[in-house]
Structures are given as C-alpha cells and as structure tokens.
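Peer 1:
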Amino acid sequence: MPKAEQKNKSWSEAEDILLKDCVLENVRNGKTQLIAFEEVAEQTGRSAGSVGFRWNSTLRQQYSDDLKKAKEEAKNKNSKTKKVKTTPSSIQGSTKKNKSAIAPTPSLTTIDDPFKEDGGITYEDVISFLRNKKKADDEYSQLKDEHTALQEEYNSLKEDFEEVRRLVSRSDNT
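First residue of the sequence shown? That's 1 in UniProt numbering, and the numbers climb one at a time after it.
#1: Measuring alpha carbon to alpha carbon, tell me which residue in E38, Y140 and Q142 is nearest A48.
#2: Could you tell me the distance, in whole angstroms, from the CA atom of S50 to the CA atom of L157?
#3: Can you find at least 3 beta carbon pairs, one from the stretch 66 to 75 and one from the stretch 158 to 167, that sit closer than 8 Å?
#4: So, with DSSP's three-state summary, where would you put K97?
#5: Which complete alpha helix (DSSP H) runs does the stretch 22 to 73 hold, if anything under 4 residues is left out?
#6: For P88, collect the residues of the same chain with a Cβ closer than 7 Å to its Cβ; drop the 5 residues on either side in sequence, then sort them by chain order.
#7: Just to confirm my understanding: we take W11, look at its own chain, exclude 5 residues before and 5 after, and list those with CB closer than 7 Å. What are they?
#8: Going by alpha carbons, who is nearest to L24 out of E42, Q43, R131 and L59?
#9: Taking 8 Å as the limit between beta carbons, can you name the residues of its chain near F129, skipping five residues before and five after?
#10: Is the beta carbon of G30 less than 8 Å from the beta carbon of A74?
#11: Is E42 near the ligand GDP, judged by its Cβ being under 7 Å from some heavy atom?
#12: Since K20 and Y63 are thought to touch, with beta carbons under 8 Å apart, how far apart are those beta carbons, to the nearest angstrom?
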C-alpha cells in the first residue's frame, strides 16, 4: 500500500490487540518495546514509529496495569535467573572461562531512568536502535558498493560478449 494512503488508515481493534499482546509479551520476556513495535510494524505494514506512537499516545494508558504486571513478571524472571547465575560453583566455573564474570558491568536498565516507568522508550531502546541502524547503514553501504562493482563487471562482460559475437558473425560471413 502506498505511504500516502497508509497515513490516513486508522487503527483497527485487531491491530490494537496485536500491538498490546506483542508489547506485553516482549516486556514479559525481557525484550524492549521497540522490538515489539518493529514486529507489529512488519505485520501491519506500518512504520515502527507510527506503531510506537499508537502505543504511547493511546494504548499505553489503557493497558498500564497489564504493562506493570508484565514488567513485574520480567523482573521476577530476571531475578530468578540471576540467582542461579550467581551461585559459588557457577562463578568459579565461569571465571575460568571469562575473567570479567567476577565484576559484571552494570546494565543500562539498572540506572534510575525516568523514561522507563512512564514512557514507552528507554535509553537502552534508543542505544539499541542506533546501534542496529548503524549496522544496517554499514551493511547497506557495503552491499551498494558490491552491487556497483558487480554491475560494472556485468557490463564489461556483456561488452566482451557482444564483441565476440560480432567477431564470430564476421568470420561466418567471410
């Protein structure tokens, strides 16, 4: 669907439910809301920005209790896995493999972040997005360069082929 037509398309109840379910599932699993926005954008044919806007402007308030529960579930799930990871035997085993296991680096989510509680996007989301964008831009640039090189090689081979064809047709005519 062309973007001009897409801008005027209103959100259906099914799309709102899809967005809600996807965001809550991602939060429960410790993933970012940004990932959920990208998943829903892909499924609905909208941009991740418009999906994020819909969530933050309309649905977030409607499902704030569900979102709090999902965050609690993620926090509980995360604390259970941290308890397992910090047993003395697991620390001893991991220090042999990796010296940095003794002093884990603090996550950005441990910082007192005003956006996390009442906003839809965290600093971690922004940093993750920017890193992914940088990687995508770099990959695009590399692929574009490769495409240009292949296009030039193709044109050169095509010219060589045409030259051979002309030479063969001349030799057949003589």
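Ideal Cβ placement from N, Cα and C applies to all residues, glycine included.
Peer 2: Per the coordinate set shown:
#1: E38
#2: 46 Å
#3: Under the Cβ criterion (8 Å, minimum of three pairs), the stretch 66 to 75 does not count as touching the stretch 158 to 167.
#4: Low confidence applies here, because K97 scores a pLDDT of 47, under 50, leaving its location unreliable and the question unanswered by this model.
#5: 33 to 44 and 48 to 54
#6: Caution is warranted here: a pLDDT of 46 is assigned to P88, below 50, making its placement in the model unreliable, and the coordinate value is therefore given only provisionally. For P88, where only same-chain residues beyond five positions count, there are no Cβ hits under 7 Å.
#7: R54
#8: L59
#9: L34
#10: yes
#11: What this structure holds is no ligand at all, so the ligand GDP is not there to describe.
#12: Contact flag correct, Cβ pair sits at about 5 Å.
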